[in-house]
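Below is one structure; the comments refer to it alone.
Residue numbers (this note's numbering): 14 to 334.
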């Protein structure tokens with residue numbers, strides 16, 4: 014199976030994970046195993062790599078690409094929202110690194126029949142897990158005008174959200190909207206021509222992003238997954254997060270900030286009574302891809318990298334262990 018995907022910021026990710034040969038590492042978004050292969054190549058026979066992905070095609074390709082490495086490799090077909098359960102099922106209590114490479118993969122965008130791309134005409138689908146029941150067709154044809162407006166505004170940050178939602182509802186009165194091409198035509202009609210000429214990028218980009226996020230609940234699962242990952246890190250372990258749009262990056266930023274926070278008492282209290290201690294130390298805060306990478310991979314343009322390191326447990330009498 015052909016599965017084309019260019020890993021974003023590969024060197025920075027490996028540096029962020031600080032891979033130890035005998036460590037245990039989790040790639041929560043396995044994809045085509047680009048990052049995972051680099052991690053596996055640095056692990057010894059005592060090391061272990063756990064790869065998770067909800068896309069069956071990605072799982073099949075990853076099994077082939079990760080065969081033959083010295084380390085133990087466990088590949089799990091599941092959503093990383095179940096990270097805690099997955100690790101428990103594998104008998105793993107602590108890991109040395111966890112990677113989240115968020116967003117849609119190049120393969121998913123380039124496979125027309127998956128319905129992720131506004132550049133290719135295909136049935137409205139957009140499911141990362143093809144066994145899931147909710148599709149883009151359901152969202153476009155069954156959601157109310159208010160709900161469409163909400164997801165376009167909240168997930169796509171689209172200023173023409175209400176107008177586009179109204180045009181979709183009117184169009185589907187005639188017949189169901191079945192393909193990505195039909196949806197693109199409706200979006201283009203809804204956005205004034207002068208606005209389309211003035212703005213950079215495809216007019217349907219934000220709408221497709223919003224529908225994809227809704228179909229796959231991409232934002233709803235992030236904070237819980239990040240916290241589960243941090244909880245399972247051994248002291249000195251690294252959490253690496255690659256985001257590709259402002260909404261998921263905001264969740265990553267705020268969650269890591271909270272995990273790195275110490276005392277949360279009101280400032281007017283003379284002494285700490287909350288006994289809250291930071292779980293992680295922030296090492297990289299929103300690093301972007303370099304010029305050389307951007308020249309060869311346009312999809313790295315919106316990427317931001319965040320890295321945190323797990324702190325040792327805090328002992329009440331003696332301070333940090």
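Beta carbons: idealized from backbone N, C-alpha and C, even for Gly.
This structure is a prediction, so every number in the text was calculated from the model and none was measured.
Among all the DSSP beta bridges, which residues are the ones paired with residue 318? 255, 300
Proximity to residue 67 [Cα-Cα], best of 82, 95, 84, 107: 95
Report the start-end ranges of each alpha helix (DSSP H) in the region 156-190 that is 4 residues or longer and not cut off at the edges. 158-169, 174-187
Scan the region 231-293 and note each continuous beta strand (DSSP E) run of 3 residues or more that stays entirely inside, going in chain order. 246-256
Pick helix, strand or coil for residue 28, following the three-state DSSP scheme. helix
Roughly how many whole angstroms lie between the Cα atoms of residue 160 and residue 88? C-alpha separation (whole angstroms): 36 Å.
Short of 6 Å in beta carbon distance, which residues of its chain neighbour residue 302, apart from the five on each side in sequence? Order them along the chain. 22, 313, 316
Buried or exposed, going by whether 16 or more other CB atoms sit within 10 Å of the CB of residue 193? With 16 or more Cβ atoms within 10 Å of its Cβ, residue 193 is classed as buried.
Terminal residues of the beta strand (DSSP E) in which residue 19 lies: No beta strand (DSSP E) holds residue 19; DSSP gives it neither H nor E.
I'd like to know if the region 199-209 and the region 105-120 are in contact, where contact means that at least 3 CB-CB pairs between them fall below 8 Å. Taking one beta carbon from each stretch, the region 199-209 and the region 105-120 have fewer than 3 pairs nearer than 8 Å; the two do not touch.
Between the region 129-136 and the region 271-286, do three or more beta carbon pairs fall short of 8 Å? no
CB contact check: residue 173 to chain B, cutoff 8 Å: Any reference to chain B falls outside this structure, which holds one protein chain only.
Report buried or exposed for residue 256, applying the criterion of at least 16 other Cβ atoms within 10 angstroms of its Cβ. buried
Could you tell me whether the Cβ atoms of residue 323 and residue 241 are closer together than 8 Å? no
Residue 136 bridges to which residues according to DSSP? In the DSSP secondary-structure assignment, residue 136 is bridged to 192.
Please classify residue 40: does DSSP put it in a helix, a strand, or coil? Three-state result, residue 40: strand.
Let's test the definition: count the other Cβ atoms within 10 Å of the Cβ of residue 20 and tell me whether it reaches 16, buried, or not, exposed. So residue 20 ends up on the buried side.
Can you give me the Cβ contacts of residue 210 inside the same chain, cut-off strictly under 6 Å, excluding the 5 residues immediately before and after it? none
Contacting residues, own chain, Cβ-Cβ under 6 Å from residue 187 (five flanking each side not counted): So the list is empty, once near-sequence residues are dropped.
How do the region 139-159 and the region 58-77 stand: do at least 3 beta-carbon pairs fall below 8 Å, yes or no? yes
Which class does residue 89 belong to by DSSP, given the choice of helix, strand or coil? Shown here, residue 89 sits in a strand according to DSSP, grouped into three states.
Label residue 328 either buried or exposed according to how many other C-beta atoms from any shown protein chain fall within 10 Å of its C-beta, with 16 as the threshold for buried. Because the pLDDT of residue 328 is 49, which lies under 50, any placement of that residue in the model is unreliable, and the number read from its coordinates should be weighed accordingly. Counting Cβ neighbours within 10 Å, residue 328 comes out exposed, since fewer than 16 surround it.
Quick one: grab the DSSP three-state call for residue 323. Of the three classes helix, strand and coil, the one that applies to residue 323 here is strand, per DSSP.
So, at 8 Å on beta carbons, what are the nonlocal neighbours of residue 199 in its own chain, with the 5 sequence-adjacent residues on each side left out? 177, 180, 181, 184, 190
Hey, how far is the Cα of residue 220 from the Cα of residue 259? 15 Å
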